[in-house]
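K.L.:
Protein chains in written order, with the numbering used here: chain A, 1 to 153; chain B, 1001 to 1124.
1. Using DSSP with H/G/I as helix, E/B as strand and the rest coil, what is residue 113 of chain A?
2. Along the region 140-152 of chain A, what residues have a CB closer than 7 angstroms to any CB found in chain B?
3. Taking a contact to mean a Cβ-Cβ separation below 7 angstroms, would you say residue 1102 of chain B touches residue 1066 of chain B in this structure?
4. Going by beta carbon distance, what residues of the same chain come within less than 6 angstroms of residue 49 of chain A, once the five residues before and after it are set aside?
5. For residue 131 of chain A, which residues does DSSP report across the bridge?
6. Note down, in chain order, each residue of its chain lying with its Cβ closer than 8 angstroms to the Cβ of residue 57 of chain A, except the 5 sequence neighbours on either side.
7. Look up residue 1123 of chain B in the DSSP assignment and say whether it is helix, strand or coil.
8. Taking 8 angstroms as the threshold, find out whether the region 1087-1096 of chain B comes into contact with the region 134-148 of chain A through three or more Cβ pairs.
9. Quick one: what's residue 30 of chain A bridged to in DSSP?
10. For residue 1010 of chain B, which residues from the same chain have a beta carbon less than 7 angstroms from its beta carbon, with the 5 sequence-adjacent residues on both sides left out?
11. Checking contacts by CB at 7 angstroms: is residue 1123 of chain B closer than that to chain A?
12. Would the region 112-127 of chain A count as touching the region 39-47 of chain A if we require 3 or more Cβ pairs under 8 angstroms?
13. Taking the alpha-carbon positions, what's the residue 55 of chain A to residue 1055 of chain B distance?
14. Going straight from the alpha carbon of residue 1084 of chain B to that of residue 1072 of chain B, what length do you get?
15. Indicate whether at least one CB of chain A lies closer than 7 angstroms to the CB of residue 1110 of chain B.
16. Does the beta-carbon distance from residue 27 of chain A to residue 80 of chain A come in below 7 angstroms?
17. Give me, in chain order, the residues of the same chain whose beta-carbon lies closer than 7 angstroms to that of residue 44 of chain A; leave out the 5 immediate sequence neighbours on both sides.
18. Grab me the residues of residue 152 of chain A's own chain with a C-beta within less than 7 angstroms of its C-beta, minus the 5 sequence neighbours each way, in chain order.
19. Please decide whether residue 1073 of chain B counts as near chain A, where near means a Cβ-Cβ distance under 7 angstroms.
20. Roughly how far, in whole angstroms, is the beta-carbon of residue 1116 of chain B from the beta-carbon of residue 1039 of chain B, given that I think they are within contact range, below 8 angstroms?
21. Classify residue 1066 of chain B as helix, strand or coil using the three-state DSSP reduction.
22. How many angstroms separate the CA atom of residue 52 of chain A from the CA atom of residue 1028 of chain B?
23. What three-state label does DSSP hand residue 1095 of chain B in the structure shown?
Given below as structure tokens:
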């Protein structure tokens, strides 16, 4: 396997508004791949449709610094930074949305690239974000995360 | 045939020579250009990675594909100003790629190289 794999996972976090859930900043000397992204809901048992978008970011926001965990024990730490649960929204790239998916909160959202051509590639220092673009009707607990691959560094 | 990496991928320019052939990835300022779009793909067969350019193809070993893929992605991400494009020169034939195309193509090449590497190990 080329590169190092990292997991970012947030468990059962209350959300009441549309906001950026994960922001990834690629290291300055490495390329980062988004290999998987997911949002699950763990507290609300009524059917409700929400949406999420994955986009490139031009200007970083503010969120909780979250350490990606190497999937292979002993691997070096991820060279970039990851923030979750944004309090100040980032500025998204004007070129638009890479992925936009609706999902029922009872089943959640799981995105993986259908083939190698569809994988999301972040060049060194590039930014990427996954958001909840529709506000939930009330407070719900969401578990969400991404799997990253770092090549270089 | 062996190959020779004339510059590090970590620098701006990558140049790989094999015999009298050479492959260069660099950045280029352009005023007028017709960028290649849609007709350039990375694919894998067995333990080799290929860049498909229309009807032509360029075969690469795993280490070369990784270096070229990384250089394409890095240079694509480093295009900051209007008119910056990524130059891919194969045997004297120059192609200018849009930065976004170079980033994605480079990424796909690295993933294909990963699979080619797996294939190679499985065959051993």
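Using N, Cα and C, we set each Cβ at its ideal position, and we do this for glycine too.
P.N.:
Based on what the coordinates show:
1. coil
2. 151, 152
3. no
4. 102, 104
5. A:20, A:53
6. Counting only Cβ-Cβ distances below 8 angstroms, and skipping sequence neighbours, we find 23, 90, 91, 92, 93, 127, 128, 129.
7. helix
8. no
9. A:152
10. Any reading at residue 1010 of chain B must be qualified, since the residue scores a pLDDT of 44, below 50, and its modelled position is unreliable; the value itself is stated next. So no residue of the chain qualifies.
11. For residue 1123 of chain B, the answer is no, since every Cβ of chain A falls outside 7 angstroms of its Cβ.
12. no
13. 33 angstroms
14. 13 angstroms
15. yes
16. yes
17. Beyond the five residues adjoining it in sequence on each side, residue 44 of chain A comes within less than 7 angstroms, by CB distance, of 105, 140 in the same chain, given in chain order.
18. So the list reads 29, 30, 31, once near-sequence residues are dropped.
19. yes
20. The pair is not a contact, with the Cβ atoms about 22 angstroms apart (cut-off 8 angstroms).
21. Residue 1066 of chain B: helix per DSSP, three-state reduction.
22. Just so you know, the alpha carbons of residue 52 of chain A and residue 1028 of chain B end up roughly 36 angstroms apart.
23. strand
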